[in-house]
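Read the structure below first, then the notes.
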C-alpha cells in the first residue's frame, strides 16, 4: 500500500509544554485510521500541524511525496488535505450551499500551488498570474461560478442535504451541521480527510448513521481518512487501524481488537469508557 | 420651508449622503474582516483625488483621469495593507489601530511634501468639452439643481449595485464574507486569506477615490488634509449604520448626509455647528445603540 501522508518524527512545543512528542506514523491510501487518547493528549494539535496552522518545532509532514511542513494552510488545502472541527465552525450566516461553494476556491487555479506542484514534477492546475484581475473582470468567470453551483448541489445531494440548500447554516439541527461540515470539507476535493470528533454531541442513532456515512464517503470519494473520536463505538466500528496518543506520544498502535486488549491503553484511557460502552 | 427649498436640500443631502456612504463602506468592510478601523481611509481618498488631478494636468481626458485616480487609490490601499497592516495581523488590535493613525499622518505629510500644501482647484480637470457638467442646472419643482448632483447620485447608486453584486454574488465576495466570520477556517477552505484581504482594501480604496473625485468636482478644493473631515464623517456614518455591516454603512451615510443638510436648512444660525452635530450623533449612537442601526449584537464569547 502507498503512503499518502507521512508524519515524520513531529514534535510540537509551546513554551515549556510539549503537545506532540516525536509523532511518527503514516496514513495509507484508502485507509481509515483512528487517533484516540485522553483530552489534552495532542490529537487536535497533530491535526493543526498537518493542516499548516502550526509549524512543528521538529519533524516533517510529507503528503503525496511533497514536504508540506513549510506551506500555508490554504496551499495545503489546495494540494488535497481537508478537515472538520471539533467545535463546529461553519459560516453560520451563509446558506448551506454557500458554505459548500466557499470551499471550492481550489477550482480557481492558484499560482503558488502550481509552483509547488511543478517543483515536484506533478500536474499543475494551469493557473494564470493574472487571476487577480480576472477576478475583477470575470473573464470566463461566470461559467466557472455556474459549474461551482452545479457541483455544490451535486455534493449536497450525495450527502442528503439538497433540500436544505437555501437554509442558513445556523438553522440546521446539530447532526446535520456536522454533516454539512464534512460536505464542506469534501468540496475542496481532498485526498486526505481529517475528521475531528465527528460524533461529538450525537445520540446513539445519529452516530450509527455517521459510521455508515464515513465509510460511504471514503469509498465514493476515494479518500484516506484520519479520525479523532472519543465515541469508542464509532472508533472501533469504522477504523481499520488505531493510534493511541498520551501526553503527545504514541503509546500503542494496532487493529481495533488489539487496542482493546492492550493493557497500557486500558490504563491510560480506554478503561472506564470502554467498559461502559460494552455494557450498553 | 418651501417646496423648492425642500427639494434643493433633499438632493443636496442625498448627494452628500452618497459620498459619505461611499467612504463608510470602506471603513466597514475592513472592520468587518480585520476588526481594524483604517484611519488612513480618508487620506487614501485624498491621494486618489490627487492622482486624478495630476493625470488630468498631464493631459489625460476626464474619464481617464478618473480611472487613474480610482485604480491608483486601489493599488495604494492594497500596498498599505501589505506594508503596514499585514505584518501586524496577529498583533494586538491596538497596535494595528495606532499604525493606521500613523499611516494617516504619513499620507498627509507625504502629500504636503510632494503635492504642496497650497490648495489646488479641481476645476482644472474640466475643459471646453465637459464644462457643462459644472454649469448646467435642471429646474425641478422650482428648485435649480446642478446636473452634477444627479450624476453623482446616479454613479453612487451604480457603484453600490456593483458592490452588492461583488459581495453577495461572486466567489471573491463569498470569500470576503467567510473571512469576516472566521479567518483560520477560511484559510483551511483553500482560500488565500491575504489576497482576499488585499482585494478588500483595494475595493474600499477604489470606492473612496470615486467618492473623493466626485466630492472634488462639487467642491473643487484639493489639499492634503481634504480627506480628514470626510474620513471622520464617514466613520461616524459607519458606526451609525452598525460598523461591519455594508448595508448599514450605506444607510448610515445617507442618513448622516440628510441630517446634516437639513439641520443647516432648518437652523441656518447653527450652520457653523454642522461638524459638531455629526459628532454629537456619534456620541448619542454610542450611548444608546452602540451596535448601530443595522449592526449585529456583539456577543462577548467566554
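Residue numbers (my numbering), protein chains in the order written: chain D, 1 to 280; chain B, 1001 to 1302.
For every residue, glycine included, the Cβ atom is placed at its ideal position computed from N, Cα and C.
Since the structure is predicted, the reported quantities are computational estimates derived from the model, not experimental observations.
Status (buried if at least 16 other CB within 10 Å, exposed otherwise) for residue i
i	result
residue 7 of chain D	buried
residue 248 of chain D	buried
residue 1215 of chain B	buried
residue 120 of chain D	exposed
residue 1038 of chain B	buried
residue 1081 of chain B	buried
residue 1260 of chain B	buried
residue 1043 of chain B	buried
residue 1245 of chain B	buried
residue 68 of chain D	buried
residue 1171 of chain B	buried
residue 1137 of chain B	exposed
residue 43 of chain D	buried
residue 1058 of chain B	exposed
residue 71 of chain D	buried
residue 1180 of chain B	buried
residue 1015 of chain B	buried
residue 104 of chain D	buried
residue 216 of chain D	exposed
residue 139 of chain D	Note that residue 139 of chain D scores 46 on pLDDT, short of 50, meaning its location in the model is unreliable and no value can be drawn from it.
residue 1286 of chain B	exposed
residue 1213 of chain B	buried
residue 264 of chain D	exposed
Span separating the alpha-carbon of residue i from that of residue j
i	j	result
residue 1155 of chain B	residue 1273 of chain B	30 angstroms
residue 2 of chain D	residue 222 of chain D	13 angstroms
residue 1112 of chain B	residue 1041 of chain B	17 angstroms
residue 1210 of chain B	residue 1125 of chain B	15 angstroms
residue 257 of chain D	residue 266 of chain D	12 angstroms
residue 1127 of chain B	residue 1133 of chain B	10 angstroms
residue 1191 of chain B	residue 1290 of chain B	32 angstroms
residue 1060 of chain B	residue 51 of chain D	50 angstroms
residue 1243 of chain B	residue 1051 of chain B	29 angstroms
residue 1093 of chain B	residue 1226 of chain B	27 angstroms
residue 1235 of chain B	residue 1129 of chain B	36 angstroms
residue 1105 of chain B	residue 1228 of chain B	10 angstroms
residue 79 of chain D	residue 122 of chain D	11 angstroms
residue 1302 of chain B	residue 1159 of chain B	Because residue 1302 of chain B carries a pLDDT of 48, less than 50, the predicted location of this residue cannot be relied on, and the following value inherits that uncertainty. Distance between the alpha carbons of residue 1302 of chain B and residue 1159 of chain B is about 40 angstroms.
residue 148 of chain D	residue 158 of chain D	15 angstroms
residue 1065 of chain B	residue 1122 of chain B	12 angstroms
residue 1288 of chain B	residue 1277 of chain B	16 angstroms
residue 1174 of chain B	residue 169 of chain D	14 angstroms
residue 11 of chain D	residue 161 of chain D	39 angstroms
residue 1267 of chain B	residue 53 of chain D	58 angstroms
residue 163 of chain D	residue 1084 of chain B	46 angstroms
residue 1148 of chain B	residue 1164 of chain B	24 angstroms
residue 1141 of chain B	residue 1002 of chain B	11 angstroms
residue 1293 of chain B	residue 1186 of chain B	28 angstroms
residue 281 of chain D	residue 214 of chain D	Outside the displayed range of chain D (1 to 280) lies residue 281 of chain D, so it cannot be described from this structure.
Residues bridged to residue i [DSSP beta-bridge criterion]
i	result
residue 254 of chain D	D:242
residue 1001 of chain B	According to DSSP, which records beta bridges pairwise, residue 1001 of chain B is partnered with nothing at all.
residue 60 of chain D	D:8
residue 1139 of chain B	B:1144
residue 18 of chain D	D:13
residue 67 of chain D	D:62
residue 95 of chain D	D:168
residue 114 of chain D	In the DSSP output, where bridge partners are listed per residue, residue 114 of chain D has none listed.
residue 1194 of chain B	DSSP, once it has assigned bridges, lists no residue as partnering residue 1194 of chain B.
residue 1222 of chain B	B:1120
residue 28 of chain D	D:3
residue 40 of chain D	DSSP output for residue 40 of chain D lists no bridge partner at all.
residue 1113 of chain B	None, per the DSSP bridge assignment.
Residue i beta carbon near the ligand ZN (any heavy atom closer than 7 angstroms)
i	result
residue 1126 of chain B	The ligand ZN is not part of the structure shown, which contains no ligands of any sort.
CB contact below 8 angstroms: residue i versus chain E
i	result
residue 256 of chain D	The structure shown contains no chain E; the protein chains it does contain are D and B.
Inset, instruction - Would you be able to state if there are at least three C-beta pairs under 8 angstroms between the stretch 24-43 of chain D and the stretch 226-242 of chain D? - result: yes
Inset, instruction - Could you please tell me which residues of the stretch 1188-1219 of chain B, in chain order, have their CB closer than 8 angstroms to any CB of chain D? - result: 1188, 1189, 1190, 1191, 1192, 1193, 1195, 1199
Legend entry - Segment contact, 8 angstroms Cβ cut-off, at least three pairs: the stretch 1241-1252 of chain B with the stretch 1017-1024 of chain B: yes
Inset, instruction - Give the residues from the stretch 1272-1283 of chain B that approach chain D closer than 8 angstroms (Cβ to any Cβ), ordered along the chain. - result: none
Inset, instruction - Taking only beta carbons into account, state which residues of the stretch 1166-1184 of chain B come closer than 8 angstroms to chain D, listed in chain order. - result: 1170, 1171, 1172, 1174, 1175, 1177, 1178, 1181, 1182, 1184
Inset, instruction - Answer yes if the stretch 1198-1210 of chain B comes into contact with the stretch 1077-1095 of chain B, meaning at least three C-beta pairs across the two stretches below 8 angstroms, and no otherwise. - result: yes
Inset, instruction - Select from the stretch 230-243 of chain D all residues with a C-beta closer than 7 angstroms to any C-beta belonging to chain B, and list them in chain order. - result: none
Legend entry - Given 8 angstroms, three or more beta-carbon pairs between the stretch 193-200 of chain D and the stretch 210-229 of chain D: yes
Inset, instruction - Mind checking the stretch 167-187 of chain D against chain B and listing, in chain order, the residues whose C-beta falls within less than 9 angstroms of any C-beta there? - result: 184, 185, 187
Legend entry - Touch test, the stretch 1181-1195 of chain B against the stretch 1006-1020 of chain B, Cβ-Cβ under 8 angstroms, three pairs minimum: no
Legend entry - Proximal residues, the stretch 92-103 of chain D versus chain B, C-beta separation under 9 angstroms: 92, 93, 94, 98, 99, 101, 102, 103
Inset, instruction - Please list the residues of the stretch 50-67 of chain D that have a C-beta atom closer than 7 angstroms to any C-beta atom in chain B, keeping them in chain order. - result: 51, 53
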